[in-house]
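Notes to accompany the following structure.
Numbering (full-length UniProt numbering), first residue to last: 1 to 326.
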């Protein structure tokens, strides 16, 4: 009797093992299929110079690929949905999360999801050269349902030597003041061991960051410890989600691999910065922002939102940041 029970138990264990393996393989095949399908239907534009080749997805005007021409090394995260299915989304007209995913304007309640709608919008290609490209998206019947302002958002990508310059232009085409935030969310691929990498800030300064609670900014702060302005990367740093820096003196961050600089993000124009990754994910996001998530105490009125930008009628807002391969 014991013999039969033991054999039955072994069969169950094998069945569970086969089922787990089957699930893993199915998941892998689905990811591979989705990747192939995604690559086959997306519309992209390529720009290049002597050093770099860049590919931009027309959906969201999202930076899709940044490769060095010499060794074909890819610097942008591949977008594996097992960790995070994006590459470098544009955050507009909000950055982060609204309290209750909503806001009020002129006593009307609007619902707007995290980071806004630009990252999923279809942009129009309006200018193209060998080393530069410009995309545009404008307010529409759909955007006005969640954001009652007439706008145009232009995104330009320009290659200059070993740098990619990203320029944002926001135009208020309406007759009233327009509140908005805008930000970048580039994810950089970090192959190999995560703890081989570190971040070097431009200046020696107290690196005070705010913690997130339920996707909202809390009043809790921590100080990021550095040695010679360098922070070793560790997944535990991000156990409470992104690190939110409301104010920094440093105008750029450098990613180091085993102490050697490989990439630099310069964000002189931007007042705020987010740094983020997911547990065990082989990428790091360095995110220059104008604005950030609501706090628990937020009033919900968009014109009073902390970090919000206010643009007068027919005025234009411009900002830029750059990614330099070292």
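Ideal placement from N, C-alpha and C gives every residue a C-beta, glycine not left out.
If you're wondering where the values come from, they're calculated on a predicted model, not measured in any experiment.
Tell me the residue span of the alpha helix (DSSP H) that contains residue i.
i: residue 144; result: 141–146
Hey, could you find the ends of the beta strand (DSSP E) residue i is sitting in?
i: residue 81; result: Where residue 81 is concerned, there is no enclosing beta strand (DSSP E), given that its DSSP letter is neither H nor E.
i: residue 152; result: 151–160
i: residue 178; result: 178–180
i: residue 274; result: 272–276
i: residue 168; result: 163–172
i: residue 202; result: Looking at the DSSP string, residue 202 is not in any beta strand (DSSP E), and its letter there is neither H nor E.
i: residue 62; result: 62–68
i: residue 252; result: 252–257
i: residue 309; result: 309–311
i: residue 302; result: Counting along the chain, residue 302 falls outside any beta strand (DSSP E), and DSSP gives it neither H nor E.
Going by the beta-carbon positions, is the gap between residue i and residue j smaller than 8 Å?
i: residue 91; j: residue 102; result: no
i: residue 77; j: residue 194; result: no
i: residue 54; j: residue 42; result: no
i: residue 304; j: residue 251; result: no
i: residue 321; j: residue 241; result: no
i: residue 95; j: residue 181; result: yes
i: residue 293; j: residue 97; result: yes
i: residue 220; j: residue 211; result: yes
i: residue 207; j: residue 227; result: no
i: residue 263; j: residue 323; result: yes
Within 10 angstroms of its Cβ, does residue i collect 16 or more other Cβ (buried), or is it exposed?
i: residue 108; result: exposed
i: residue 57; result: buried
i: residue 89; result: buried
i: residue 277; result: buried
i: residue 222; result: exposed
i: residue 287; result: buried
i: residue 296; result: exposed
i: residue 302; result: buried
i: residue 52; result: buried
i: residue 155; result: buried
i: residue 99; result: buried
i: residue 313; result: exposed
i: residue 318; result: exposed
i: residue 281; result: buried
i: residue 183; result: buried
i: residue 191; result: exposed
Would you list the one or two residues that DSSP bridges to residue i?
i: residue 186; result: Residue 186 is not bridged to any residue.
i: residue 108; result: 105
i: residue 47; result: 54
i: residue 325; result: 263
i: residue 292; result: DSSP, once it has assigned bridges, lists no residue as partnering residue 292.
i: residue 243; result: 275
i: residue 315; result: BP columns for residue 315 are empty, so no partner.
i: residue 210; result: 221, 244
i: residue 138; result: 152
i: residue 59; result: 122
i: residue 94; result: BP columns for residue 94 are empty, so no partner.
Does DSSP put residue i in a helix, a strand or coil?
i: residue 118; result: helix
i: residue 374; result: This structure cannot speak to residue 374, because the chain is shown only from 1 to 326.
i: residue 228; result: coil
i: residue 196; result: helix
i: residue 41; result: helix
i: residue 99; result: helix
i: residue 233; result: coil
i: residue 28; result: Because the pLDDT of residue 28 is 42, which lies under 50, any placement of that residue in the model is unreliable, and the number read from its coordinates should be weighed accordingly. Correct three-state label for residue 28: helix.
i: residue 3; result: With a pLDDT of only 45 at residue 3, under the threshold of 50, the placement of this residue in the model should not be trusted, and no figure is reported.
i: residue 14; result: Here the model assigns residue 14 a pLDDT of 47, short of 50, so the residue's position is not dependable, and the following value carries that caveat. Helix at residue 14.
i: residue 34; result: Model confidence at residue 34 stands at a pLDDT of 49, short of 50, so the residue's coordinates are unreliable and nothing is read from them.
Is there a Cβ of chain B sitting closer than 8 Å to that of residue i, yes or no?
i: residue 320; result: Judged by its chain identifiers, the structure shown contains no chain B, having just a single protein chain.
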